[in-house]
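Written below as structure tokens is the structure these notes are about.
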Amino acid sequence: SGKWENAPEYGLARKGVICLQDHGSAAWFRNVKIKELPRKTQEVNLFNGVDLTGWEAYGTEKWYVQDGLLVCESGPDKQYGYLATREYYDNFDLSVEFKQEADGNSGVFIRSFIEPGAIVNGWQVEVAPKGNDTGGIYESYGRGWLVQIPDEKEEILKVGDWNT
187 SGKWENAPEY GLARKGVICL QDHGSAAWFR NVKIKELPRK TQEVNLFNGV
237 DLTGWEAYGT EKWYVQDGLL VCESGPDKQY GYLATREYYD NFDLSVEFKQ
287 EADGNSGVFI RSFIEPGAIV NGWQVEVAPK GNDTGGIYES YGRGWLVQIP
337 DEKEEILKVG DWNT
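The sequence shown begins at 187 in my numbering and counts up one residue at a time.
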């Protein structure tokens, strides 16, 4: 009879897709790799640097590969756009390089699932302008912020450059 009794999907570390997000501005990603734990220890490249093999786009954003980078451009409605792995992952160590624009709002979803209407439900590692908790963990359509970044860590983000 706990708080989440009627919503068992919330608060559980569950198996789910890895999903990259863009909302209304350009976004770039590269070197998206995963190492599942403990069953598999070999690192797997989720992005091959050539095409979108193994990924599925949701929403109206345009996802494509250019010069070895995953690129997303805003769709006509400037709404959320997602690129999700077709495979589900549960125990892993995920590494992603990203480039943050000054006014962009992006993220990397983990342990998530996609509902009709391109709604991604799950945990998002925030990628946003300085002062907006890049690296924090937000549960979309759930509890909200799970981990926010201390103010002194906000300056670590290199806007317009590659971050890991």
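Virtual Cβ for every residue (Gly too), placed ideally from N, Cα, C.
{"Query": "Residue of Glu338, Ile204, Asp319 minimising C-alpha distance to Gly330", "Result": "Asp319"}
{"Query": "Leu280 - partner residues in DSSP beta bridges", "Result": "Ile220"}
{"Query": "Supposed contact pair Glu312 and Tyr324 - C-beta distance, whole angstroms, cut 8 Å", "Result": "6 Å"}
{"Query": "Inter-stretch contact (C-beta, 8 Å, three-pair minimum) for the stretch 286–306 and the stretch 207–216", "Result": "yes"}
{"Query": "Endpoints, beta strand (DSSP E) assigned at Lys248", "Result": "248–252"}
{"Query": "Endpoints, beta strand (DSSP E) assigned at Ser326", "Result": "323–326"}
{"Query": "Of the residues Leu255, Gly267, Phe299, Gln265, the one placed nearest Asp276, counting alpha carbons only", "Result": "Phe299"}
{"Query": "Cβ-based burial, Asp208 [other Cβ within 10 Å; buried from 16]", "Result": "buried"}
{"Query": "Identity of the residue in Glu247, Asn231, Thr246 nearest Thr271 by Cα", "Result": "Asn231"}
{"Query": "CB contact flag (Ile335, Gly321, <8 Å)", "Result": "yes"}
{"Query": "Backbone CA spacing between Glu259 and Gln310 [nearest angstrom]", "Result": "20 Å"}
{"Query": "Residues of its chain near Glu242, where Cβ-Cβ distance is below 7 Å and the 5 sequence neighbours each way are ignored", "Result": "Ala270, Arg272"}
{"Query": "C-alpha distance - Thr169 paired with Pro262, whole-angstrom precision", "Result": "In the structure as shown, the chain begins at 187 and stops at 350. Residue 169 is therefore absent and cannot be evaluated."}
{"Query": "DSSP beta-bridge partners of Ala243", "Result": "Leu269"}
{"Query": "Local conformation of Glu312 per DSSP, three classes", "Result": "strand"}
{"Query": "For Ile204 and Val294, the rounded distance between their alpha carbons", "Result": "7 Å"}
{"Query": "Whether Asn234 touches Glu283 by CB criterion (8 Å)", "Result": "no"}
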